[in-house]
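*Asks:* Residue numbers (UniProt numbering): 1 to 288.
The beta carbon of each residue, even a glycine, is placed where N, CA and C say it ideally should be.
Below are the structure tokens for one structure; questions will follow.
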């Protein structure tokens with residue numbers, strides 16, 4: 001049977017023509033098949049694969065060669081150092097979305113027992129990352145997809161994060177109207193239906209309902225911005241992820257709907273990625 005070294009070479013030769021990240025993808029897939037770390041592959045290059053392992057590996061390489069995402073092939077994607085289960089009903093968590101987590105933790109760092117709402121949680125990535133860092137906070141996470149919610153709940157259980165509650169809800173529909181949050185975070189659909197990026201890369205295989213929004217990608221962002229203000233505590237914060245070219249539109253919507261201290265933050269690639277603002281309550285009581 002073939003050994004690890006030659007299995008890697010075979011896989012790389014099949015992927016490199018169409019995939020600039022072919023080497024990494026091959027390493028991840030072989031490590032997954034062997035149930036070992038990527039480092040193990042290089043410390044045991046002469047170890048033989050079983051016939052079943054070799055067959056499984058070749059099948060995965062063939063699927064990847066046709067563009068199927070590595071995260072869906074392995075069923076796992078790391079986010080904020082958390083290994084998260086993902087499936088075709090969830091978006092694949094991306095590094096730029098970690099900015100939502102970072103900003104929430106930064107702006108609420110002195111807030112004890114904060115209440116956070118994660119709209120459109122998918123695999124639970126944002127909610128669970130925040131829950132891990134702040135076990136004293138209570139996180140509410142919702143999604144319109146029952147299958148996505150089941151995946152998020154499984155991730156929470158496996159990671160033993162008990163400070164998150166999940167709800168089946170189309171944005172705010174099933175969230176108690178009396179509840180107020182110190183922060184609302186969302187990574188909603190924000191891609192226009194005619195965007196050419198939808199025909200490229202991993203995104204081709206991800207759930208379109210979690211990617212595409214009307215009004216040139218702004219419909220869901222506008223809905224969230226419009227309805228979040230009344231759900232925030234005084235000085236509460238709304239943070240939304242958006243497309244690299246949507247800063248002007250999103251910050252204008254935030255201003256139109258009454259948010260204050262509006263700002264936009266760039267992701268690790270230097271793209272405008274998250275915008276937000278606060279609900280500021282002005283004390284109108286007269287001075288005596």
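On the DSSP bridge assignment, give the partners of residue 265 in chain order.
*Replies:* Partner(s): 274.
*Asks:* Would you list, in sequence order, the uninterrupted beta strand (DSSP E) runs of no fewer than 3 residues that lie entirely inside the stretch 62 to 102?
*Replies:* Segments of the beta strand (DSSP E) lying fully in the stretch 62 to 102: 76 to 79 and 82 to 85.
*Asks:* Roughly how many angstroms separate the alpha carbons of residue 275 and residue 65, rounded to a whole number?
*Replies:* Near 36 Å, if we compare the C-alpha coordinates of residue 65 and residue 275.
*Asks:* What is the residue span of the alpha helix (DSSP H) that residue 236 lies within?
*Replies:* Looking at the DSSP string, residue 236 is not in any alpha helix (DSSP H); the run it does join, the beta strand (DSSP E), is 232 to 241.
*Asks:* DSSP state of residue 288, grouped into three classes?
*Replies:* Per-residue confidence for residue 288 stands at a pLDDT of 48, beneath the threshold of 50, marking its modelled position as unreliable; the derived number appears in the next sentence. Coil.
*Asks:* Going by CA-CA distance only, name the one from 101, 94, 99 and 33 that's closest to residue 74.
*Replies:* Nearest option by C-alpha distance: 33.
*Asks:* Under 8 Å by Cβ, that's how I've got residue 148 and residue 89 pegged, so tell me the actual separation to the nearest angstrom.
*Replies:* About 5 Å; that satisfies the 8 Å criterion.
*Asks:* Let me know the secondary structure DSSP gives residue 21 once reduced to three states.
*Replies:* Three-state result, residue 21: coil.
*Asks:* With distance defined between alpha-carbon atoms, name the residue in 193, 97 and 30 nearest to residue 216.
*Replies:* Considering only alpha carbons, the answer is 193.
*Asks:* From residue 278 to residue 231, what distance separates their C-alpha atoms?
*Replies:* Going by the C-alpha atoms only, they are around 11 Å apart.
*Asks:* With a floor of 4 residues, list each alpha helix (DSSP H) that falls wholly inside the stretch 7 to 59, ordered by position along the chain.
*Replies:* Within the stretch 7 to 59, the complete alpha helix (DSSP H) runs of at least 4 residues are 22 to 34 and 38 to 43.
*Asks:* Nearest-angstrom Cα distance between residue 236 and residue 187?
*Replies:* Roughly 18 Å separates the two Cα atoms.
*Asks:* Provide the residue(s) that pair with residue 139 in DSSP beta bridges, ordered along the chain.
*Replies:* In the DSSP output, where bridge partners are listed per residue, residue 139 has 116 and 164.
*Asks:* Measure the C-alpha to C-alpha separation of residue 13 and residue 31 and round it to an integer number of angstroms.
*Replies:* Roughly 17 Å between the two C-alpha positions.
*Asks:* Spell out the partners DSSP gives residue 212 in its beta bridges.
*Replies:* 191.
*Asks:* Just confirm the distance between the C-beta atoms of residue 327 and residue 212, as a whole number of angstroms; I'd bet it's less than 8 Å.
*Replies:* Given a span of 1 to 288 for the chain in the structure shown, any question on residue 327 remains unanswerable.
*Asks:* Let me make sure I understand the geometry here. Which of 151, 177 and 244 has the alpha-carbon closest to that of residue 191?
*Replies:* The candidate whose alpha carbon is nearest that of residue 191 is 244.
*Asks:* I need the straight-line Cα distance from residue 288 to residue 177, nearest angstrom please.
*Replies:* Its pLDDT being 48, under 50, residue 288 is placed unreliably by the model, and nothing is read from it.
*Asks:* Tell whether a beta-carbon distance below 8 Å holds between residue 96 and residue 267.
*Replies:* Yes, the Cβ-Cβ distance between residue 96 and residue 267 is below 8 Å.
*Asks:* Could you spell out the range, first to last residue, of the alpha helix (DSSP H) harbouring residue 225?
*Replies:* Taken as a continuous stretch (DSSP letters only), the alpha helix (DSSP H) holding residue 225 covers 219 to 228.
*Asks:* Within 10 Å of its beta-carbon, does residue 42 have 16 or more other beta-carbons around it, so buried, or fewer, so exposed?
*Replies:* That one is exposed.
*Asks:* Within this structure, are the beta carbons of residue 165 and residue 233 separated by less than 8 Å?
*Replies:* Not a contact, by the Cβ cut-off of 8 Å.
*Asks:* Measuring alpha carbon to alpha carbon, tell me which of 72, 241, 163 and 25 ends up nearest residue 184.
*Replies:* Residue 184 has its Cα closest to that of 241, out of 72, 241, 163 and 25.
*Asks:* Whole angstroms is fine: what's the gap from residue 45's alpha carbon to residue 28's?
*Replies:* The straight-line gap from Cα to Cα measures roughly 15 Å.
*Asks:* How do the stretch 121 to 128 and the stretch 256 to 271 stand: do at least 3 beta-carbon pairs fall below 8 Å, yes or no?
*Replies:* The answer is no - the stretch 256 to 271 does not touch the stretch 121 to 128, with fewer than three Cβ pairs under 8 Å.
*Asks:* Tell me the DSSP secondary structure of residue 184 in three-state form.
*Replies:* The answer is strand: DSSP assigns residue 184 an E or B state.
*Asks:* Here's the rule: buried if 16 or more other CB atoms are within 10 angstroms of the residue's CB, otherwise exposed. What is residue 11?
*Replies:* Buried: at least 16 other Cβ atoms inside 10 Å.
*Asks:* If you measure between the beta carbons of residue 91 and residue 67, is that distance less than 8 Å?
*Replies:* Cβ atoms of residue 91 and residue 67: not closer than 8 Å.
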